[in-house]
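First residue of the sequence shown? That's 67 in the working numbering, and the numbers climb one at a time after it.
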Amino acid sequence: MHGKSIGWDDTIVALATAQGIGAIGVIRLSGRQSINIVNRLFPAKDLTQAPSHTLHVGYLKEHGKVLDEVVISLFKGPKSYTGEDVIEISGHGSPYVLQQIIQACVNQGARLAKPGEYTQRAFLNGKLDLAQAEAVADLIASNTEASRKTALHNIRGGFSEHLSVLRDRLIKFSALIELELDFSQEDVEFADRTQLYELLTEVQQTTQQLAASFQLGNVIKNGVSVAIIGKPNAGKSTLLNALLNENRAIVSDIAGTTRDTIEEVLNIDGILFRLIDTAGIREHTHDVIESIGMEKALAKMQQADVVIYLFDVNEVSSAELQSTINEFNNKKLKYVLVGNKADASSEADLRNKFSSIPGITFISAKENRHTEVLKEKLVDLVLQGKVTTDDTIITNARHFHALQEVLQSLIDIRNGLDNNIPSDLIALDIRRCLHYLGEITGEITTEDQLDYIFSKFCIGK
Ligand code: GDP
C-alpha cells in the first residue's frame, strides 16, 4: 500500500488543455469536493444529484456575475481518470476567462494541482500502474507516429502484464524456498530446482528482450543522431536540403539535446533523425575532412548514432573508399555509404567501378534521385528489420536500469543454485529480483521516487 501524501484529501484544479487561445479550454477538478465546488458556481442545476458520466450546459456564475457559458462533464469516482470525483469544465478558450474560472474554483476551496498530480492520483488509486502512468507522459510528449504507438501500447499495460506474470511465479518459488528455511534441520526441498531453473531462464529471456528493446525505445522517443560526413563539395549541403524539403520534422524540444549541436530534425517513417552539426555543413568550415582522422570530424562521427558518408562518385576511387571504410570499421561506427553525383554516369558503370564494395547507395542529391533509397536504408539500420512498434518496447531509462538489476540478480540466483548455496541466500537473491521487478510497475516505490517521476509531468496532467 502506498502512503498517502499530505494534501491527498484536497480537491485539485488546473487547466487541462494547452495555455493560450483556443476554441475551448478545459478545466479539470479532482477530489472529494469537486462536485460540491462546481455546484456552488452552477445555479442552473443541482449537480450533486446528477448521475455519473453526464453532461450539463449552463452559466457558471460567481457572486451573481456570469463567468462563462460552459459544458460540465461529471464523473463520479471510482469510474474516472483519477478514481476520484472528477469534473471537467469546458469553457470558451480565452485565457482570461479560464483563469477566472480556475480562481473561482480556488475561492470555493480547490487547490491548484501540482505537475502530474492527476496521473499520480490515478496511480495511487490503482487506475494505472507506474509504467502505464509514465507512458501517459510519453504519449503527451510524443511527436511521431512511432512514439505515439509505443506510448499507447505501454499505457494499455503492454509490458507491465508481461512482468507481473513472471513476478507472480517467482513469488511462488520464493515462498517455497522460504518454507524450506523453516524445515532447515530436515534437509527437504519444496521448491523443485529443475522448475526453478526453467523459470529463471524464462524471466531472463523476457528481461533481456525488454532491456534490448531499450535501445530502439530510446531511438523512438529521442530520435537517432546522424552525421553527414564527406569531403568538401561532395554535396552534403545539397543532400541536407533535399532531405529537409520533404521530411523536416516539427519538433519543439527533444530531451537530452542542445540547440548548438543539433540544427535539423527529419521524420522518416515515424522515426526522428537528428542531423547533428548541420551548422558546420552550411558554413563549409570545419566539416572539411581531407583525412578521416581529423579530430573534429571524428568527434562528430563518434557522437552520432549513424554516419552518412557522402562521396562524389567521380572523385573517389574504390581503393580510397575502401581505406575510409576500414577506418570506420576500426572505429566501430554505424554508417551508410552514399555515392553522390550519380547523375553523370550509369548505375551499371558505378557498380562496376565500386564492385569490390557492396552496399553503396548511389544518389543524385542535386536532382533528388534515389534519396528515398537512402531513407529506407537509414530506417532499416535503426530497426534492423526485427521490431515493429506493436512490440513491447522500453522507452524509459528508469525501467531499463531496473531491468539491468533484475538480470544481475538472476545471474546470482543461478550461480547460487549451481553451487548449492544455502536456501536462505538464494531466497535473498530472489527477493532482490522481485524488488526490482516491482519497482518497474510501481508495486515497490518510495514516496521520493514517485514525487520525482510525477514532477516531470506538466501541470494539469
Ligand atoms: P558540400 O561542400 O559537401 O556541402 O557540397 P555542396 O552541397 O555545396 O555541393 C557542391 C557542388 O556540387 C555544388 O555545386 C552542387 O550543386 C554540386 N552537387 C551536389 N550534389 C550534386 C549531384 O547530385 N549531382 C551533381 N552533378 N552536382 C551536385
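Virtual Cβ for every residue (Gly too), placed ideally from N, Cα, C.
In the DSSP assignment, residue 391 falls within the alpha helix (DSSP H) that extends over 384 to 396. Contact check for residue 138 and residue 178: beta-carbon distance about 20 Å, past the 8 Å limit, so the pair fails to qualify.
Across the set 495, 490, 494 and 507, the C-alpha of 490 shows the shortest separation from the C-alpha of residue 247. The segment 116 to 123 makes no contact with the segment 158 to 172; the number of CB pairs closer than 8 Å stays below 3.
Straight-line measurement puts the Cα of residue 426 at about 59 Å from the Cα of residue 141. Annotated three-state conformation of residue 172 is helix, per DSSP.
Contact between the segment 298 to 316 and the segment 498 to 506 is absent: fewer than three C-beta pairs spanning the two stretches fall below 8 Å. DSSP places residue 180 outside both helix and strand once states are collapsed to three, so it counts as coil.
Around the CB of residue 240, 16 or more other CB atoms lie within 10 Å, so the residue is classed as buried. For residue 134, the secondary structure class from DSSP, reduced to helix, strand or coil, is strand.
Residue side-chain check: residue 406 places its Cβ nearer than 7 Å to a non-hydrogen atom of the ligand GDP. Put simply, the backbone Cα of residue 258 is about 11 Å away from that of residue 265. Our two residues, residue 92 and residue 276, have alpha carbons roughly 37 Å apart in a direct line. Taken in chain order, the complete beta strand (DSSP E) segments of 3 or more residues contained in the segment 91 to 135 are 120 to 128. The alpha carbon of residue 98 has as its nearest neighbour, out of 83, 144 and 89, the alpha carbon of 144. DSSP places residue 378 inside the beta strand (DSSP E), whose first and last residues are 372 to 378. Within a 10 Å sphere around the beta-carbon of residue 86 sit fewer than 16 other beta-carbons, which makes this residue exposed. Secondary-structure assignment with DSSP links residue 228 through no beta bridge to anything.
Only residues of its own chain outside the window of five on either side were considered, and among them 126, 127, 163, 166, 167 and 170 have a CB closer than 7 Å to the CB of residue 133, listed in chain order.
With contacts defined as CB atoms closer than 8 Å, residue 290 and residue 448 qualify as a contacting pair. Between residue 187 and residue 150, the beta carbon gap of about 6 Å places them in contact (Cβ cut-off 8 Å). In this structure, residue 298 has its beta carbon less than 7 Å from a heavy atom of the ligand GDP. When DSSP reads this structure, residue 405 sits in a beta bridge with 377 and 428. Cβ neighbours of residue 230 within its own chain (closer than 7 Å, five residues either side excluded): 507. Residue 431 has its CB nearer than 7 Å to a heavy atom of the ligand GDP. Put simply, the backbone Cα of residue 477 is about 23 Å away from that of residue 227.
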